[in-house]
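Chains as they are written, first to last, in full-length UniProt numbering: chain A, 1 to 287; chain B, 1 to 287; chain C, 1 to 287; chain D, 1 to 287; chain E, 1 to 287; chain F, 1 to 287.
Backbone N, C-alpha and C define an ideal beta-carbon position, used for all residues, glycine too.
6 protein chains.
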Amino acid sequence: MYFHDKRLQYPVRVETPDPLFARQLQQAIGGVEGEIRVCLQYFFQAWGNRSPNPKYRDMLLHTATEEIGHIEMLATAVALNLDQAPLTLQETAAAASPVVNALMGGERPRHVVEGMLQQHLLSSGLAAMPVNSDGIPFDCSHIYASGNVAGDMFANVTAEATGRTLAVRLYNAAKDPGMKDMLSFLIARDTMHQQQWLAAIEELGGPAALPIPNSFDQSLERQEFSYVYMGTNVNGEPPPEGRFNTGPSMDGKAQFSTIQSTPLGEAPVLGPAREGSGAQAEQIGKL
Amino acid sequence: MYFHDKRLQYPVRVETPDPLFARQLQQAIGGVEGEIRVCLQYFFQAWGNRSPNPKYRDMLLHTATEEIGHIEMLATAVALNLDQAPLTLQETAAAASPVVNALMGGERPRHVVEGMLQQHLLSSGLAAMPVNSDGIPFDCSHIYASGNVAGDMFANVTAEATGRTLAVRLYNAAKDPGMKDMLSFLIARDTMHQQQWLAAIEELGGPAALPIPNSFDQSLERQEFSYVYMGTNVNGEPPPEGRFNTGPSMDGKAQFSTIQSTPLGEAPVLGPAREGSGAQAEQIGKL
Amino acid sequence: MYFHDKRLQYPVRVETPDPLFARQLQQAIGGVEGEIRVCLQYFFQAWGNRSPNPKYRDMLLHTATEEIGHIEMLATAVALNLDQAPLTLQETAAAASPVVNALMGGERPRHVVEGMLQQHLLSSGLAAMPVNSDGIPFDCSHIYASGNVAGDMFANVTAEATGRTLAVRLYNAAKDPGMKDMLSFLIARDTMHQQQWLAAIEELGGPAALPIPNSFDQSLERQEFSYVYMGTNVNGEPPPEGRFNTGPSMDGKAQFSTIQSTPLGEAPVLGPAREGSGAQAEQIGKL
Amino acid sequence: MYFHDKRLQYPVRVETPDPLFARQLQQAIGGVEGEIRVCLQYFFQAWGNRSPNPKYRDMLLHTATEEIGHIEMLATAVALNLDQAPLTLQETAAAASPVVNALMGGERPRHVVEGMLQQHLLSSGLAAMPVNSDGIPFDCSHIYASGNVAGDMFANVTAEATGRTLAVRLYNAAKDPGMKDMLSFLIARDTMHQQQWLAAIEELGGPAALPIPNSFDQSLERQEFSYVYMGTNVNGEPPPEGRFNTGPSMDGKAQFSTIQSTPLGEAPVLGPAREGSGAQAEQIGKL
Amino acid sequence: MYFHDKRLQYPVRVETPDPLFARQLQQAIGGVEGEIRVCLQYFFQAWGNRSPNPKYRDMLLHTATEEIGHIEMLATAVALNLDQAPLTLQETAAAASPVVNALMGGERPRHVVEGMLQQHLLSSGLAAMPVNSDGIPFDCSHIYASGNVAGDMFANVTAEATGRTLAVRLYNAAKDPGMKDMLSFLIARDTMHQQQWLAAIEELGGPAALPIPNSFDQSLERQEFSYVYMGTNVNGEPPPEGRFNTGPSMDGKAQFSTIQSTPLGEAPVLGPAREGSGAQAEQIGKL
Amino acid sequence: MYFHDKRLQYPVRVETPDPLFARQLQQAIGGVEGEIRVCLQYFFQAWGNRSPNPKYRDMLLHTATEEIGHIEMLATAVALNLDQAPLTLQETAAAASPVVNALMGGERPRHVVEGMLQQHLLSSGLAAMPVNSDGIPFDCSHIYASGNVAGDMFANVTAEATGRTLAVRLYNAAKDPGMKDMLSFLIARDTMHQQQWLAAIEELGGPAALPIPNSFDQSLERQEFSYVYMGTNVNGEPPPEGRFNTGPSMDGKAQFSTIQSTPLGEAPVLGPAREGSGAQAEQIGKL
């Protein structure tokens, strides 16, 4: 079960509110690279973890709980950036300088309103929403919890890699020193979280954890295709050479090689549609 | 641009059609671990790849093109498994043995119809659909192409790890020898594809590729939090010990350590709502 | 604006309620081939119709209004089919015959519950929902109203073609005479609606309405590719011959022909990623 | 920020695992009436609360934090109910009694597999997912946080009313004493949460909080339509009489009355489509 | 069944078309607070209403039918606001004043195009769509019809509370007198609809309708938790005091009190993963 | 199975990159009228085609394969249009002319950033995504493959009609000669694809293919309603006259006529809710 402290994990302050930056921060809340995703992902991985050893369950719970606090920081940052947002085009006009007003016909720079997430104005009352920077709600199909702990660790590295990439882009886009400070903290945590899941993969055996799942008897797979890079160039032009098709495989079990793809199967034959199946008469063979 | 051969990449045959297995195979077509996802993911990564060196673009194109053929194989397998599916409950009854019919009241085993994806009966005319095993359409928010090639490679390992886990589950669930054979091929290809993206990560520098993105100047992040595992247990009970909080960090730049989380910020103060913002009068301070 | 009559457009009665049939009927309510779709599609086409002549706007309004009544009929049919649905597995057991109970261990045929849309039991209280037969909510991206009246008429023919195909499948699956009667009416209306939109296309000029939109000056398109079927077979094997690649074109403006696809463009070059864009250092050319 | 305790808020135990009940419990996790929804809804309402008085922000935080623990309890219950779930049809057969096997052809009662959420078998490895009982992922458009605290309190009452209705249905459907016990606790908490948000509405002024938002000057609305029930029966048959159209209005500002709806506006005229807008030539007036 | 009148329920006129206002109005059509939602919600509640008394079914039908006319009014308003929308950036330039053109380089104020819903330009041909103000299609999971009439009435109050809040925000944002007039009517109707559903709750017993559903025997719930506000502050700091945790409960059955949350359960133990379930070997206990 | 050529089907070049045009092009990639849709639609129709004659399967495969190349062209065009996109507001300022900067306060024309798809900046690293012009991901419920080949051909005409309408709108909006050239090719291909599916309908019998599905015995439908246009005007005002309600029907089987809609059914009676179904006591008849 869970507890809260009213204070934030790290300070969040905004000197110059900017409604466009509020919109951009939404990507870190409700985007597929965002904090709702990692928070729920780590929770569902923890809650469903099956293992003789509760270690990863425990580890995941600590970090999942930390992530709630990150959503909270970002939601606070969005609200603070919306503090002076224009509610109407008229208000925009009033705020603009006289010379701009004169040039623009008395109602601009209306683009400040145009560039906002309209839902910030109309749906949330100038507060954060669980949506991305283009207003699309987060959906939980992005919570990856496969029941395979090694696969899940790679999903977590991915989430933190795209998450840190996003945080870096936001840091670069930010002008406000408070926002840069907050992001410098979140970027550091993403650094750690990338490290942490990679460390878990090492602990799970590194190459010995492969191929995932490593509980499947590989003699049952068609092993002549297990370490072969297949080229699909129409002219048979060979694929580029790289670590991915030369040298020993990453799990140490074979040597990589390359072949050109060719069809091993036949053209499929499904045959006629059945009577009563809603097909056209031709498909049933009645015409 | 692209070309096709009518023949399948690998043979697909079904001796005993089973509409429940058709439903389960849908997960490998339209599930988040499925083949539409990897196919489009590799294509969008290739088409958007920015780099002085076109190597990864090329590599991705070969494999993306291969994946179209995997969707095709699975779609064929679904259709073949639906070949004898009952179109109605009455038809089910006719197919059942007399003794079962007598016991069940002349209309059963109707559960064969009940267990089907109803859309297979009603929407597709006994053919595959771009949906998962519970009938939910694939949506392209699952195509991860972040513009960061290292992050994308981890996304690809994840996709192939969950993909192979799924293929193994389907292999275990399959009874038909044709289906087992087809899956033994797809599992082998998933083995290779895991290897291949991991090899690319090694080629991109392995630890030197970290933290992702490695083009951000780490002196700008709050580095005292970059290699620290944070515990959130309410009683201060220390987290489990593991590779993820002891020893050198995975990128070789620091030592892991552990601290208990405490609030560094204050309780946020958003202040009153604004006049005209649609809040209650109390929120505006008017009551 | 709109008015209602409490009575249904056509009688809806169910002699033997069947919760599986309730589930199947949902496809005709909230499926992409269903009645919510056509209803809202015709309304949005009518409300947004731009033309010097209000004829199609009017025509669409009549039929859109009729379709509300079809949703109502189907929603009533779903509720009536759920009338005796088991609320629990225990209840199922009580309803089963003694001999079945004995064989099955006292709790079956539980598959009746298993085959239900669980949301019918848990979310709607045994009533219809705006979802399809696998429980997926209708979403309004399926409302096609393009602003081009001819394109919209084809969208409407499509909706009624898939709608009638679905209704026929439901008719074939139905056993209850009341349900067969209701469906015989809805099928008839789908017949008419197919006819009606095709008649509108004829009235809009038939071939003269093509290509859609017919307000674009065709001299601006690369006309050497406007009436050519392109083969993409990897071995250059010619496509099948048919009306679609032989004889005069459907708009009478050209002759169909066939060519083999070949690349007319070059391999695209996007160049390096930019500093500050969150890419890996290699992509920026820094390593 | 947030903290966790490894122990559950209330005991969760399952004596007889049932994969169908696991599926039904999913509605309480990822359904629109479920716990992810209330948890995130209360958090976003708290984080975005604008008011001179932080009372509701605080109140919401306490309860939001409690709700994480409810998701955790339910996720645990789902996993425990999946403990003995068949992984394959063959496994099902082995578990069935000989007499049933004989009658059913050696592979049944396969309906136990057919009735499962297939994603439980194929995607989560027999663990809970953030989806509803038909497998549809929760999406965050259901997080209602409008920036108006009174409106939000009604949204919360609604969430707890539908939540308790769902919990009652699950209680009725449950056979396992552990599950009944857990649900008796969750139902009690839903009782309190309904009470709590209603108490907040009373504290916000009850009738004086109406109409929501109460910060809008009602003289600006067309008040002759503000307390009038409008009948739309085509024959002018009067609507049923009830508290909703007789007596003083709920906010004490007027008397309810009833009128028959009639059009006050005209048929809209949008005029021709514009050149270059992609319409048919007829719509532009060119034919 | 249903009928239409070509005339609108209330006049809709636009003196100065504004494509940004067209976009904002979309929230009232396809937003979760919008008119498609209430229209379909009241219809599905009516069509599925189970009761010995048809009163609420009838009441709902009248208002549902009225709401179709509201969607129609808003769709008309959107189309009229798009009447002069620029189709291209070039057109924008031509419309701008010479001095602005000179300053801006001959192609601006392009922000008018940038601020539009791009789908208005590209998909609908300058007409309304069933989407919200950021272009996201309405999805029918927002149609709440729970089978419990009291719960549904609260859902309806919520819908009208957020709906009126939205209409007020649009009124405040509107500059055009025709739009202000239309919104003054819609706000009035939202006032009435809030009143009407609250009146129904009073008629359903007010406190006696609680807790919802009131048909569940409360002795079966863990009543020691039914009227207790639970604090989750990590330091045990007591929650704020308010009507929600002091005094008699809203249903008159108990006194509110407050306790600090503590775990009553144990840490859950799921045990090892099963052979053949696609887990890692460690999880199965094989390593 | 499938093969690729690195070169594009047709040249794609951009002289003056424009991030707004990049956004608009997204509609042609991930919009419902876009190329992902037609590509997957033709593939699923081909892969599931049931017929004694493989002709349409073959035809569909050629064109589906061509469409992958169209997505590739558009994805390339999006990336090229994003080449100089500002990554931050500051960068925008630097690029603006001194006089504009002076007037605008040193940070504008920030609307260039405001008008971008924020995901282009934050999620894809300035590359194409499988989303529409307002950032909404494509979802595969738009892949129509009904199992009825005639219905599918109409779905394909619709897709190409809305697709060409979109391409024409983009052509009109484009200023860059490279983009106009690329679109002139895509428009030509859409012309052909419209023709091609219409030709297939003719080959399938034209009127003889109607009503779809033509394998249903029409004597089973209520034929007195099969060729009748139903008016729903509340005042009985007759519908407009047109080809759709006068003359012979399009399938030549009847004459069109018009009637005014009247209820043929009764008001439905669902009766009381059941004990244990989670309804209010009144609904069950207990109060």
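task = Tell me, please, whether the CB atom of ASP134 of chain D is closer than 8 Å to any CB atom in chain B?
result = Among the residues facing chain B, ASP134 of chain D is included, as its CB has a counterpart in that chain under 8 Å away.
task = Please state whether DSSP places residue 291 of chain D in a helix, a strand or coil.
result = This structure does not reach residue 291 of chain D, given that chain D is present from 1 up to 287, and the question cannot be answered.
ask   = What are the partner residues of residue 288 of chain D, as DSSP defines its beta bridges?
value = There is simply no residue 288 of chain D to check, as chain D begins at 1 and stops at 287 in what is shown.
query = What residue range is occupied by the uninterrupted beta strand (DSSP E) comprising THR165 of chain A?
reply = Element bounds for THR165 of chain A: not the beta strand (DSSP E) but the alpha helix (DSSP H), 149–173.
message = Taking the alpha-carbon of CYS140 of chain B as reference, which of F:THR65, F:GLN84, F:ASN245 and F:ALA128 has the nearest alpha-carbon?
response = Of the candidates F:THR65, F:GLN84, F:ASN245 and F:ALA128, the residue whose Cα lies closest to the Cα of CYS140 of chain B is F:ALA128.
ask   = Which residues share a DSSP beta bridge with VAL131 of chain E?
value = In the DSSP output, where bridge partners are listed per residue, VAL131 of chain E has E:PRO137.
query = Would you say VAL149 of chain B and SER51 of chain B are within 8 Å of each other, going by their C-beta atoms?
reply = It is a contact, given that the beta carbons lie within the stated cut-off.
request  = Verify whether the separation of the beta carbon atoms of GLU266 of chain C and ARG7 of chain F is less than 8 Å.
outcome  = Yes, they are a contact pair.
request  = Please report the residue range of the beta strand (DSSP E) in which THR258 of chain F lies.
outcome  = 257–260 is the span of the beta strand (DSSP E), which, as asked, contains THR258 of chain F.
request  = Report the rounded CA-to-CA distance for PRO86 of chain B versus PRO17 of chain B, giving the unit in angstroms.
outcome  = Straight-line measurement puts the Cα of PRO17 of chain B at about 11 Å from the Cα of PRO86 of chain B.
key: Beta-carbon separation (whole angstroms), ALA200 of chain B vs HIS120 of chain B, contact threshold 8 Å   = Rounded to whole angstroms, the Cβ separation of ALA200 of chain B and HIS120 of chain B is 38 Å, and the two are not in contact under 8 Å.
query = Got a sec? Which residues, its chain only, sit under 8 Å from ILE36 of chain E by beta carbon, not counting five neighbours each side?
reply = Correct list, in chain order: ILE29, GLY30, ILE71, PRO130 and PHE138.
query = Excluding sequence positions up to five away, which residues of its chain have a Cβ less than 7 Å from the Cβ of ASP152 of chain A?
reply = Within its own chain, the residues whose Cβ lies closer than 7 Å to the Cβ of ASP152 of chain A, once the five positions on either side in sequence are excluded, are GLN45, TYR144, ALA145 and SER146, listed in chain order.
ask   = Taking just the CA atoms, how far does LEU270 of chain C sit from SER226 of chain C?
value = Here the alpha carbon of SER226 of chain C sits roughly 30 Å from the alpha carbon of LEU270 of chain C.
task = Indicate the three-state DSSP secondary structure (helix, strand or coil) for VAL12 of chain D in the structure shown.
result = Here DSSP, grouped into helix, strand and coil, assigns VAL12 of chain D to coil.
key: Residue-chain proximity (LYS286 of chain B, chain D), Cβ-Cβ < 8 Å   = Any Cβ of chain D closer than 8 Å to the Cβ of LYS286 of chain B would place that residue at the interface, and such an atom is present.
inquiry  = For the stretch 112–126 of chain D, list every residue whose C-beta sits within 9 Å of some C-beta in chain A, in sequence order.
reply    = Cβ proximity to chain A below 9 Å picks out SER123, SER124, GLY125 and LEU126 from the stretch 112–126 of chain D.
task = Tell me PRO248 of chain A's beta-bridge partners as DSSP assigns them.
result = Bridge partners of PRO248 of chain A: A:GLN255.
ask   = What residue from B:GLN24, B:THR232, B:GLU202 and B:ILE212 has the CA that sits closest to VAL134 of chain B's CA?
value = In the sequence as presented, Val is not what sits at residue 134 of chain B; that position holds Asp. Among B:GLN24, B:THR232, B:GLU202 and B:ILE212, the Cα nearest to that of ASP134 of chain B belongs to B:GLN24.
key: Members of the stretch 28–44 of chain D that neighbour chain C once the beta carbon cut-off is set at 8 Å   = Closer than 8 Å at the C-beta level to chain C, one finds these residues of the stretch 28–44 of chain D: GLY31, VAL32 and GLU33.
ask   = Residues of chain E with a CB under 9 Å from the CB of GLY147 of chain C: which are they?
value = Correct list: SER123, SER124, GLY125, LEU126 and ALA127.
query = If you compare alpha carbons, which of F:SER215, F:ASP176 and F:LEU183 is closest to ARG169 of chain F?
reply = Ranking F:SER215, F:ASP176 and F:LEU183 by Cα distance to ARG169 of chain F puts F:LEU183 first.
query = Would MET59 of chain D pass as a contact of PRO238 of chain E if the rule is Cβ separation under 8 Å?
reply = Cβ atoms of MET59 of chain D and PRO238 of chain E: not closer than 8 Å.
ask   = Which value, in whole angstroms, describes the spacing of the CA atoms of LEU166 of chain E and PRO211 of chain D?
value = Looking at the two C-alpha atoms, the distance is approximately 13 Å.
inquiry  = So, with DSSP's three-state summary, where would you put VAL78 of chain F?
reply    = Helix, per DSSP.
Beta-carbon gap between TYR42 of chain E and ALA64 of chain E smaller than 8 Å = Cβ atoms of TYR42 of chain E and ALA64 of chain E: closer than 8 Å.
message = Measuring only the C-alpha atoms, how far is GLU224 of chain C from MET73 of chain F?
response = Taking the straight line from one Cα to the other gives about 19 Å.
query = With ASP5 of chain C and VAL234 of chain D assumed to form a contact (beta carbons below 8 Å), what rounded beta-carbon distance in angstroms separates them?
reply = Yes, ASP5 of chain C and VAL234 of chain D are in contact; Cβ-Cβ is about 5 Å, under 8 Å.
key: Any C-beta of chain C under 8 Å from that of ILE187 of chain E   = ILE187 of chain E does not count as touching chain C.
query = How about ILE284 of chain D and ALA273 of chain D: do their beta carbons lie closer than 8 Å?
reply = Yes, the Cβ-Cβ distance between ILE284 of chain D and ALA273 of chain D is below 8 Å.
ask   = Going by beta carbon distance, what residues of the same chain come within less than 7 Å of ILE68 of chain C, once the five residues before and after it are set aside?
value = Once the five neighbours on either side are set aside, the close Cβ partners of ILE68 of chain C are CYS39.
message = Tell me the DSSP secondary structure of VAL38 of chain A in three-state form.
response = Three-state DSSP puts VAL38 of chain A in a helix.
message = Quick check: what's the CA-CA separation for GLU160 of chain B versus TYR229 of chain A?
response = If I take the Cα positions, the gap works out to 15 Å.
key: Residues that LEU87 of chain E contacts on chain F, provided the C-beta gap is smaller than 9 Å   = The answer, in chain order, is ARG169, ASN172 and ALA173.
query = Which residue spans inside the UniProt region "Disordered" (263–287) of chain E form an unbroken alpha helix (DSSP H) run of at least 4?
reply = The qualifying runs are 281–284.
task = Given a cut-off of 8 Å, decide if VAL113 of chain A and LEU220 of chain E are closer than it, judged by their beta-carbon atoms.
result = Result no, Cβ atoms of LEU220 of chain E and VAL113 of chain A do not sit closer than 8 Å.
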